[in-house]
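Chains as they are written, first to last, in this note's numbering: chain A, 5 to 29; chain B, 16 to 226.
Right under this line is the structure:
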């Protein structure tokens, strides 16, 4: 297994701040 | 005698002058003004008090004010620099600036470290790493066996924890990110480089009547 836990974590939708902009347009 | 009707400009609580924020951040004055429009929209979406509450942050991110997400919670907490449970305009601009493409990588590395240091101990500990992996798996409805999760967490700790003290310190984190720059991809929002072009609808008068 060559999986890095931080790579997995970074897939969270909680990191996608683009919603801040899209929701407010 | 004449009578003048003057329109009182009312800003949100914690409002700071765009020139002041622009001097401290990666944004220009007109970008800070555009961010103020964005800030107002979010901060008036539920509680209408000119401060972003967690529910409003969740509503903006997920179109759902009740959707809990460990990482969105962490980002909210880090944006809340005064630790008073809400984000004011100054905090919003200063924190978003970390995500600007022009912001120094060291600043992004430090922010990501604080993000992952769930209990603010100054270290990313094994249990925190496991908690974050489990949160992501739960969110994505991916199913990995406990053994596999343990293996992934152990391998990552072994990889990053170069002094083998069982936890990841800021120096180890920095070294690891330098070898794996893709870990910082979440720390840059490309469109922050020119908000006024990317989001023309935010460009309105810089003097807005909140009424």
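Using N, Cα and C, we set each Cβ at its ideal position, and we do this for glycine too.
Just so we're clear, the structure is a prediction, and the values are computed from it rather than from any experiment.
Checklist line | Contact residues within the stretch 157 to 169 of chain B, judged by C-beta distance below 8 Å to chain A | finding: 163, 166, 167, 168
Note to self: If the cut-off is 8 Å on Cβ atoms, which residues from the stretch 74 to 92 of chain B count as contacting chain A, listed in chain order?
What the structure shows: 74, 75, 76, 77, 78, 84, 85, 86, 87, 88, 89, 90
Checklist line | Closest by C-alpha distance to residue 81 of chain B, when choosing among B:92, B:204, B:69, B:89 | finding: Within the second chain, numbered from 1, the residue matching residue 81 of chain B stands at position 66. Of the listed residues, the one whose Cα sits closest to residue 81 of chain B is B:69.
Margin query: I'd like the list of long-range same chain contacts for residue 111 of chain B, defined as Cβ closer than 6 Å, with 5 residues on each side in sequence excluded.
Written below: Here the question's residue 111 of chain B lines up with position 96 in the second chain. Closer than 6 Å at Cβ, skipping near neighbours: no residue.
Checklist line | C-alpha distance - residue 193 of chain B paired with residue 25 of chain B, whole-angstrom precision | finding: Taking the first residue of the second chain as position 1, residue 193 of chain B is located at position 178. Taking the first residue of the second chain as position 1, residue 25 of chain B is located at position 10. So the alpha carbons of these two residues sit roughly 45 Å apart.
Item checked: Residue(s) in a DSSP beta bridge with residue 182 of chain B -> Residue numbering aside, residue 182 of chain B sits at position 167 when the second chain is read from its first letter. Bridge partners of residue 182 of chain B: B:140.
Item checked: Short CB-CB distance (under 8 Å) between residue 154 of chain B and chain A -> Here the question's residue 154 of chain B lines up with position 139 in the second chain. Closer than 8 Å: yes.
Check: Taking the alpha helix (DSSP H) that residue 89 of chain B falls in, what are its first and last residues?
Finding: Working through the second chain from its first residue, we reach residue 89 of chain B at position 74. Unbroken alpha helix (DSSP H) run through residue 89 of chain B: 85 to 94.
Next item on the list: Within its chain, find whatever has a CB closer than 7 Å to the CB of residue 16 of chain B; leave out the 5 residues flanking it on each side and keep chain order.
Entry: Here residue 16 of chain B corresponds to residue number 1 of the second chain, with the count starting at 1. Residue placement at residue 16 of chain B cannot be trusted, given a pLDDT of 48 that sits under 50; what the coordinates show is reported in the next sentence. Same-chain partners within the cutoff: there are none.
Notebook entry, point to check: Below 8 Å, can you find three or more Cβ-Cβ pairs linking the stretch 59 to 78 of chain B to the stretch 114 to 122 of chain B?
Noted result: no
Item checked: Cβ-based neighbour list, residue 204 of chain B, same chain, cut-off 6 Å, excluding 5 preceding and 5 following -> To locate residue 204 of chain B, count along the second chain from 1; it is residue 189. These residues qualify, in order along the chain: 114.
Notebook entry, point to check: With a cut-off of 8 Å, do at least 3 Cβ pairs link the stretch 34 to 41 of chain B to the stretch 102 to 111 of chain B?
Noted result: yes
Check: Between the stretch 49 to 65 of chain B and the stretch 88 to 96 of chain B, are three or more C-beta pairs nearer than 8 Å?
Finding: no
Next item on the list: Evaluate the contact criterion for the stretch 134 to 143 of chain B versus the stretch 180 to 188 of chain B: three or more CB pairs, one atom per stretch, below 8 Å.
Entry: yes
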